[in-house]
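Under my numbering, read the sequence shown as residues 1 to 380, first letter to last.
The C-beta atom is built at its ideal place from N, Cα and C for all residues, glycine as well.
The structure presented is a predicted model; accordingly, all values stated were derived computationally and were not measured.
Written below as structure tokens is the structure these notes are about.
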Amino acid sequence: MNFPVSKFRTLQTPFYYYDRRLLEATLDTINKEASRYPAFRVHYAVKANVDSTLLEIVRQSGLGCDCVSGWEIQACLKAGFQPDKIVYAGVGKSDWEIRLGLEQGIACFNVESVAELEVIDQLAAEAGTTARVALRVNPNVDAHTHKYITTGLSENKFGIAMEMLPSVIAKIKTLSHVTLIGLHFHIGSQLLKLDPFTMLCARINKLQDEVEAQGIRLRTINVGGGLGCDYDAPDENPIPDFADFFAIYADHLRLREGQELHFELGRSVVCQCGSLIARVLYIKEGVNKKFMILDAGMSDLIRPALYQAHHKIEVLTSDSSEVTRYDVVGPICESSDCFGENELLPTARRGDLVALRSAGAYGQIMASNYNCRPIPPSIW
Ligand code: LLP
1 MNFPVSKFRT LQTPFYYYDR RLLEATLDTI NKEASRYPAF RVHYAVKANV
51 DSTLLEIVRQ SGLGCDCVSG WEIQACLKAG FQPDKIVYAG VGKSDWEIRL
101 GLEQGIACFN VESVAELEVI DQLAAEAGTT ARVALRVNPN VDAHTHKYIT
151 TGLSENKFGI AMEMLPSVIA KIKTLSHVTL IGLHFHIGSQ LLKLDPFTML
201 CARINKLQDE VEAQGIRLRT INVGGGLGCD YDAPDENPIP DFADFFAIYA
251 DHLRLREGQE LHFELGRSVV CQCGSLIARV LYIKEGVNKK FMILDAGMSD
301 LIRPALYQAH HKIEVLTSDS SEVTRYDVVG PICESSDCFG ENELLPTARR
351 GDLVALRSAG AYGQIMASNY NCRPIPPSIW
């Protein structure tokens, strides 16, 4: 990526830098590849990033949005998304969040339990309306990703177990203020192999047959998100392989006449367009190693500390032709505040600018005020 380094030199670090052109190119690719299949509809999982400029660009591209809280619904409405393009998922929806969705007439509530169905039915009755719902089913497919971001195994807290689906459908038939319009799935995030998605299609095909045997025709199937990004080689693979991803579903899922297939893509849409930009504060000589101490830390980008994730580290301003091994760390009082150990990087000095790449998804949005640090601003 060509960073505007001379502009960066004038700015206070740390900040998140977003590349508008890459985001637009990614969205164009998604639209081009999805439009090969008339039944496909793509929603952006806004949990990955709600920067207002980013949301505006996503909205202009025509994608809908997938929210997991009332606050996210508010952010999407503020960004100008139409309520009929908003779907709302989440294992614990509060009453005010359900009421907000009902008042706004959002497209669908993705429901995760019978207890929640009963509350939505009651709140919809009070509001004099009917809620469109999809049931989130836990398909028990192993996504082979980090245990914190796998969601489709039966021991996860998410979704309704497959064997419970018939009884939940029977229950819905007794509720007068909810209409079942679809089934919802999401097996996990940062999947680099596509086989689990093929497995998911097989599970859905079987479930659809069973649901139809209960006399229900579904308008939508929603397969969630999960497509991974190349964190090791962001310049070689700036845009994920959406063609292959969509083809899996086109080839393996038996959609019914008139049925829509919904996707909720988060990371794959915004990951590569964002970088966290920091300055080198100090090069500290340890006993056996050198530490590169940055002015950005785990409060700004928590993924390495939380998931042992690795973001490619690039020194943007070093004029040295030599390389040195560094442990690249932040200023926060935690040993887990480390972005990389033994990183072979151009020899750097105090004041050099550093980019932590592929930070557009689950970066700024997961930043915290730990150590009273502010959330890093966005630069476009
Ligand atoms: N739909 C549902 C129901 C989800 O739970 C998620 C992500 C998505 C869609 C979007 O998935 P994606 O396309 O981004 O894989 N903070 C973690 C990732 C957590 C993902 C949570 N759910 C990370 O930094 O890796």
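Inter-segment contact for the stretch 26-46 and the stretch 230-244 is present: three or more beta-carbon pairs are separated by less than 8 Å. CA-to-CA, the gap between Leu-100 and Arg-59 works out to about 20 Å. For Gly-266, the CB falls within less than 7 Å of some heavy atom of the ligand LLP. DSSP links Glu-260 through a beta bridge to Thr-220. Per DSSP, reduced to three states, the secondary structure at Ser-167 is helical. Less than 8 Å separates the beta-carbon of Pro-196 from that of Ala-143. Taking C-beta atoms as the reference points, Pro-346 and Gln-364 fail to come closer than 8 Å.
Looking only at Ser-318, Glu-210 and Phe-40, the smallest Cα-Cα distance to Gly-258 is reached by Phe-40. Between the beta-carbon of Gly-159 and that of Arg-132 there is about 18 Å, and that puts the pair past the 8 Å contact cut. Taking Ile-120 as the centre and dropping the five residues before and after it, the same chain places the C-beta of Ile-98, Phe-109, Val-111, Ala-131, Val-133 and Val-178 closer than 7 Å to its C-beta, in chain order.
The DSSP-derived three-state label of His-186 is coil. For the alpha helix (DSSP H) assignment, the uninterrupted runs of no fewer than 4 residues enclosed by the stretch 239-310 are, from N- to C-terminal side, 242-252, 267-270 and 303-307.
Contact check for Val-280 and Leu-294: beta-carbon distance about 6 Å, within the 8 Å limit, so the pair qualifies. DSSP lists Val-323 as the beta-bridge partner residues of Pro-346. Scanning its chain for C-beta atoms nearer than 8 Å, with the 5 sequence neighbours on each side dropped, one finds around Ala-124 the residues Leu-102, Thr-130, Ala-131, His-177 and Val-178, in chain order.
The shortest CA-to-CA distance from Leu-255 to any of Glu-343, Cys-273 and Cys-201 is the one to Cys-201.
Taking C-beta atoms under 8 Å as the contact rule, Ser-358 and Pro-234 qualify, at a distance of about 5 Å.
DSSP links Cys-67 through a beta bridge to Tyr-88. For Phe-8, the enclosing alpha helix (DSSP H) starts and ends at 5-9.
In this structure, the beta-carbon distance from Cys-76 to Val-46 falls below 8 Å. Per DSSP, the continuous alpha helix (DSSP H) segment holding Glu-126 begins and ends at 114-126. The ligand LLP has a heavy atom closer than 7 Å to the beta-carbon of Ser-189. Short of 6 Å from the beta carbon of Glu-322, and not among the five residues preceding or following it, lie these beta carbons of its own chain, in chain order: Thr-347. With a beta-carbon spacing of about 5 Å, Ala-278 and Val-354 fall inside the 8 Å limit used to define contacts. Comparing alpha-carbon positions, the option among Val-50, Ser-94 and Ala-127 lying closest to Phe-81 turns out to be Val-50.
Looking at Ala-89, Gln-308 and Phe-263, the one whose alpha-carbon comes closest to that of Tyr-249 is Phe-263.
Burial is judged here by how many other beta carbons sit within 10 angstroms of a residue's own beta carbon; Gln-12 has fewer than 16 and is exposed. As far as DSSP is concerned, Arg-373 takes part in no beta bridge. At a cut-off of 7 Å, the beta-carbon of Gly-360 does not count as near the ligand LLP: no heavy atom of the ligand is closer than that. In this chain, the beta strand (DSSP E) harbouring Ile-313 covers 313-315. For Ala-355, the uninterrupted beta strand (DSSP E) run begins and ends at 353-356, by DSSP. As computed with DSSP, Thr-179 is found in a beta bridge with Arg-132.
Within the same chain, and ignoring the five residues on either side of Ile-332 in sequence, the residues whose Cβ sits closer than 7 Å to its Cβ are Gly-297, Met-298, Ser-299, Tyr-370 and Asn-371.
When DSSP states are grouped into helix, strand and coil, Cys-333 belongs to the coil group. Gly-351 and Met-292 have their alpha carbons spaced roughly 11 Å apart.
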